[in-house]
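All remarks here apply to the structure that follows.
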Amino acid sequence: MDQNISTDLVFHQYQYDQLNFLSNCHFEIKRPCDCTMLQLHHFYLLLKMGNKVSTIDLPAKIFNAAFLAFCYHGKKLAGISAIKRPGLSYLQEVHKKAGITPVTEKPFLEMGYSFTIEEVRNKGISSTLKRMLLQKISNHQGIIFSTTATPSSQRFLIANGFHAEGNPYQGILDDHIIYFERTLSC
345 MDQNISTDLV FHQYQYDQLN FLSNCHFEIK RPCDCTMLQL HHFYLLLKMG
395 NKVSTIDLPA KIFNAAFLAF CYHGKKLAGI SAIKRPGLSY LQEVHKKAGI
445 TPVTEKPFLE MGYSFTIEEV RNKGISSTLK RMLLQKISNH QGIIFSTTAT
495 PSSQRFLIAN GFHAEGNPYQ GILDDHIIYF ERTLSC
């Protein structure tokens, strides 16, 4: 970087480039039952490409989600995210790994399945999808949680009212996973 250029100007240029890029993207939030088979298949393939989730029963888990989020850059699927409906046994397992006392009398949703293809990362796709998903569930009365080892996702969660709970833990496909949650109420 040229040391004579103000970093503030560089930041504004980055913001402009990011907004310009996002204006060329098409975003969709859908219930899985409203998706085409091709959309569900592409969601599965992109999620599998991310190599962060187990593929055991993955198609059924995708179809069980409350909402799926898609970002298309041109005609190419560039990013995905979801609001998942976790089962009680999964929720208990996550709470145990994080070392937190579960509060299971409130309904839980989970933000996850976020992945952006490498060539368009750091352009705001994942944050935009997650913000849109949070707006979609703004009437949910209960807890939304997310587990992540990705620093940019952790920053997003903190900036959007989530707080870290418990202790970082080792996952099957990731290290230093942190549990975040936020209580939603109307």
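When we follow the working numbering, the leftmost residue of the sequence shown carries the number 345, and every step to the right adds one. Virtual Cβ for every residue (Gly too), placed ideally from N, Cα, C.
When the five nearest sequence neighbours on each side are left out, the beta carbons in the same chain lying within less than 6 Å of the beta carbon of PRO451 are those of GLY486, in order along the chain.
The way I'd put it, the segment 463-478 does touch the segment 412-428; three or more beta-carbon pairs between them come closer than 8 Å. Excluding residues up to 5 positions away in sequence, ARG526 lie with their Cβ nearer than 6 Å to the Cβ of GLY505 in the same chain. Note: LEU412 is bridge-paired with LYS374, ALA426 in the DSSP secondary-structure output. Nearest Cα to ALA410 within the set ASN483, SER529, SER458, LEU453: LEU453. Note on geometry: alpha-carbon atoms of VAL397 and TYR388 lie some 11 Å from one another. Inclusion of PRO430 and PHE407 in the CB contact set at 8 Å is not warranted, their separation being larger than that value. Taking a cut-off of 8 Å for Cβ pairs, the segment 421-429 and the segment 516-526 do not touch, as fewer than three such pairs fall below it. With fewer than 16 other CB atoms across the displayed protein chains lying within 10 angstroms of its CB, LEU517 is exposed. In the structure shown, the three-state DSSP call for SER458 is strand.
ILE502: member of the alpha helix (DSSP H) spanning 495-503, first to last residue. In this structure, the alpha-carbon of GLN383 lies about 21 Å from that of SER367. For ASN364, the three-state secondary structure derived from DSSP is helix.
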